[in-house]
Structures are given as C-alpha cells and as structure tokens.
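Data block below; observations after.
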Amino acid sequence: MSERGAFGRILAALHEAAFEPAQWTRAAALIEESLGVHGSSLACGEGESEQDYQFYFLRICLHGERRSDLERLWLETGFPADQSISRYRPFPFDRTIHITEVYTEDELKTSLGYHILRTHAYAGNAINVRLKGPGASRVLWQINDPVDRDGWSSERLERVRRLHPHVRQTVRIGQTLACAGALGATLMQLLDVTGVGIIQLDVRGRIVAANDRARSLLNAGDRLYDENRFLFARVQADDEALQAVLARALPPFGDPGEGGSLTIRRSVLRPPLVLHVNPLPGGDAWFRGWPVAALVLLAEPARGTAVDPDLAAAVLGLTPTESRVAVMLAQGVTVRKIATAMERKESTIRYHIKQIYAKHGLSRQSDLVRLVLSLAGAVR
C-alpha cells in the first residue's frame with residue numbers, strides 16, 4: 010500500500026476512535042504498522058506532579074493488541090515509582106522527546122518505571138510527544154522502539170510529526186463527547202444529545218441535520234449561523250478559519266479528511282463557542298446509507314473548571330504575563346499574592362491589569378473575572 014493510502018487508513022481509524030474509544034486499538038495498530046514500531050501508548054490526564062496527577066484514559070498497545078495487563082502494571086507499580094510526569098512540563102507541546110531526555114543516566118539503570126517500559130513495553134528507545142488537551146488536561150503519546158535497526162530516522166520522525174495534530178484531535182473530540190455523555194452514540198442517537206451541539210454535513214459541506222442545541226445556537230445568530238444550509242461565522246476572521254477547517258475535513262476527489270478545531274469568541278458575558286469538525290470514514294457499515302460526511306460539534310465550555318493561561322492568551326489576545334495575571338485574578342488571588350508568586354512589584358501587576366482593561370474596554374475587575382471564567386474548559 011502507498012504511503013498516502015496508509016495515512017488515509019490511519020486518519021479514518023482515528024476519526025472512528027474519537028467517537029468510540031475501543032477503536033483506538035485499531036488506529037494504534039495501523040500507526041504501529043506504518044511506523045514499523047513495536048507499539049504505542051496514549052495517556053490523558055490532568056495534574057502537574059506524580060502526587061496530584063489523575064489519568065482519564067490510558068491505552069497501551071503492542072503488536073496490534075491492547076495490553077490491559079501492562080496498563081495495570083504501569084498504573085499500580087510503574088507510575089507510583091516513576092518521577093517523569095513533572096519532568097515533561099518544561100518541554101514545549103508538540104515537540105518530539107526522546108525517552109532518555111526524561112530520565113537521568115543513573116535512573117536509566119535504576120528506575121523501576123523505566124525498567125517496566127524497557128523490558129515489558131519495548132519502550133527503552135521510545136519517543137514521546139506532549140500534546141495539549143482540552144482545558145488543563147494533558148496528553149502524552151508514546152511511540153515505542155522501532156522494530157528494525159534503523160532507529161529514529163528523519164523520515165520516521167517526520168511521519169510521527171505528521172500524526173501529532175490528528176491524535177490530539179481524536180482526544181479533543183472524545184473528551185467533548187464524553188462530557189456530553191455521547192461516546193459510542195450512532196449518528197441518529199447523536200441528534201438526541203443535549204450536552205453538545207451536533208451538526209451533520211454532507212460531502213459538499215451542506216447541513217444534513219442538527220440537534221436541538223445546535224439549531225438553537227444557529228438560530229440565535231451569535232457569531233455562527235447557517236445560510237442556504239451552509240455554515241458560516243459572522244466575523245470575517247472567524248469565517249475564514251471556519252471555512253479552512255471545513256475544507257480540510259471535506260476535501261475533493263475522495264482524499265482523506267482531516268479534523269480540526271477553532272474557538273469563536275462571543276460577547277464578554279457569554280463563553281466562547283468551541284467548534285470541532287470530525288470527518289466520518291466512508292464505506293463503514295455504521296454510516297452506510299446515511300449521507301453524512303462530517304460532524305461539527307459545538308461546545309459551550311462548562312463553568313467552574315480550570316482556565317488554561319495559554320488559552321487565555323490565545324483567545325483574549327493577551328501576553329503570557331497578562332494571561333497569568335488574569336487567570337490568577339479569576340481564581341481569587343489578590344494583587345499582592347500575584348506579585349509575590351510572580352516575583353514582581355504590585356505596581357507592575359496593576360499595570361498589567363490596566364493593559365488588559367484597555368484591550369477589552371473594561372473598567373472593573375469583576376468584568377475581567379467574568380471574561381476569564383467564560384473560557385473555563387475551552388480548547389484552542
């Protein structure tokens with residue numbers, strides 16, 4: 010099979026896995042075959058250290074099969090003894106990280122966690138990719154040792170990099186559906202879901218059907234609407250981004266579609282609208298006879314969850330320092346404590362607050378807090 014054909018099969022499997030986690034094993038097997046490696050692991054969770062880290066999802070696959078025994082071994086024995094979770098924090102998202110960068114020379118000989126990875130999972134020469142999940146969640150994708158002796162050639166690493174955004178998108182879709190209680194639902198069942206807006210598109214991008222929540226959002230016309238059964242955003246920059254995502258998801262001539270996400274800002278008092286587009290694999294019995302080529306998920310982030318400073322910076326147009334100040338204010342931290350935590354003068358913190366006010370036409374801290382909290386649970 011050609012490389013293009015193999016990549017298309019992987020994309021189709023990832024699109025299925027986004028709606029049904031049990032399908033991740035099939036996607037992992039295709040990735041394993043394409044890369045020529047022993048297997049891979051996908052871990053999703055939240056927390057900054059081994060003490061407070063909580064796994065949402067863990068799948069370890071070897072030689073085309075899920076290994077629940079290794080998942081238990083890692084969770085019960087390897088992870089409690091390992092010290093690697095906090096060490097991934099300094100690494101930027103989407104960078105390929107060799108496992109030997111995470112452990113010291115001595116730990117490569119003595120660490121129980123690394124010993125389990127090397128001897129049980131064929132991961133002593135693995136590479137890892139730290140991916141940004143929704144909100145404060147983090148995703149770690151580990152690709153185990155190559156089967157041959159060529160090691161991590163530039164061609165093999167490039168194939169891994171090409172898959173980064175698609176693995177991340179699978180997690181984003183899955184978590185959005187999980188929050189709405191819709192994982193594993195059929196196309197018809199998705200139209201009855203109330204926790205997230207669902208829009209079904211045909212191969213030309215026309216709206217085939219939409220559930221009540223999506224229809225309500227479209228009828229409100231707040232930055233997103235449909236015209237003649239096509240989806241548009243009212244702000245030009247948003248619409249350009251939306252049409253680009255839709256075009257990648259629904260390419261012509263039967264090429265494999267690529268999923269994508271974007272965040273559409275709304276009024277200060279309303280949370281942003283997070284939009285995910287996921288192509289549907291053609292020819293599968295689950296979809297046969299139903300003219301749907303892609304799904305659009307519209308999520309309004311839940312209140313009361315963690316706000317990601319990176320997201321605040323991206324969505325609100327803030328500098329990294331301003332976003333940290335804004336998020337800490339929203340968490341109820343005083344200016345004095347923010348100054349102490351950031352090792353800055355109080356006057357400097359107040360200056361950053363004034364800059365944020367100026368950017369968004371605000372005059373009160375309560376308005377700033379509401380603006381930041383509107384981002385809770387969103388993704389970029």
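The numbering of the sequence shown is our numbering, which starts it at 10 and goes up by one.
Here a beta-carbon is modelled for each residue, glycine too, at the ideal position from N, C-alpha and C.
Would the stretch 130–144 count as touching the stretch 21–35 if we require 3 or more Cβ pairs under 8 Å? no
Does the contact criterion of 3 or more C-beta pairs under 8 Å hold for the stretch 193–209 versus the stretch 219–238? yes
Determine the extent of the beta strand (DSSP E) in which alanine 308 is found, giving its start and end residues. 303–308
Please state whether the Cβ-Cβ distance between histidine 107 and histidine 72 is less than 8 Å. no
Look at alanine 321 and valine 336 and say whether their C-beta atoms are less than 8 Å apart. yes
Could you give the first and the last residue of the continuous beta strand (DSSP E) run that contains lysine 4? Outside the shown range of the chain (10 to 389) lies residue 4, about which nothing can therefore be said.
Of the listed residues Ala256, Gly193, Lys118 and Trp150, nearest to glutamine 103 (C-alpha basis): The residue you asked about is not glutamine; residue 103 is aspartate in the sequence shown. Taking only the C-alpha atoms, the option nearest aspartate 103 is Trp150.
Starting from serine 270, follow the alpha helix (DSSP H) in both directions and report where the run begins and ends. First-last for serine 270: 269–273, but that is the beta strand (DSSP E), not the alpha helix (DSSP H).
Alpha carbon of serine 93 to alpha carbon of phenylalanine 100, nearest angstrom: 12 Å
Rounding to the nearest angstrom, what Cα-Cα distance links valine 217 and lysine 368 in this structure? 40 Å
Is tryptophan 295 helix, strand or coil when you go by DSSP? Confidence at tryptophan 295 is low in this model, with a pLDDT of 40, below 50, so the placement of that residue should be treated as unreliable; the coordinate-derived value is given next. Correct three-state label for tryptophan 295: coil.
Kindly provide the ranges of any beta strand (DSSP E) runs that are 3 or more residues long and lie completely inside the stretch 88–150, ordered along the chain. 105–107 and 136–141
Could you have a look at valine 334 and say whether DSSP puts it in helix, strand or coil? helix
Along the chain, where does the beta strand (DSSP E) containing threonine 217 start, and where does it finish? Here the sequence assigns valine to residue 217, which means threonine is not the residue at that position. Segment 216–219, the beta strand (DSSP E) holding valine 217.
The alpha helix (DSSP H) with histidine 72 in it runs from where to where? Note, histidine 72: premise wrong, no alpha helix (DSSP H); not H, not E.
Close Cβ partners of histidine 6 (< 7 Å) along its chain, the five nearest in sequence each way excluded: Outside the shown range of the chain, which is 10 to 389, sits residue 6, and nothing can be said about it.
Just to check my reading of the structure: phenylalanine 66 and leucine 51 have Cβ atoms closer than 8 Å, yes? What is that Cβ distance to the nearest angstrom? 7 Å
Which residue from Gly326, Leu226 and Val156 puts its Cα closest to that of leucine 44? Val156
Grouping DSSP H, G and I as helix and E and B as strand, with all else coil, what is proline 288? strand
Whole angstroms are fine: how far does the CA of valine 286 sit from the CA of glycine 190? 18 Å
Touching or not, the stretch 13–32 and the stretch 109–121, by the rule of three or more beta carbon pairs under 8 Å? no
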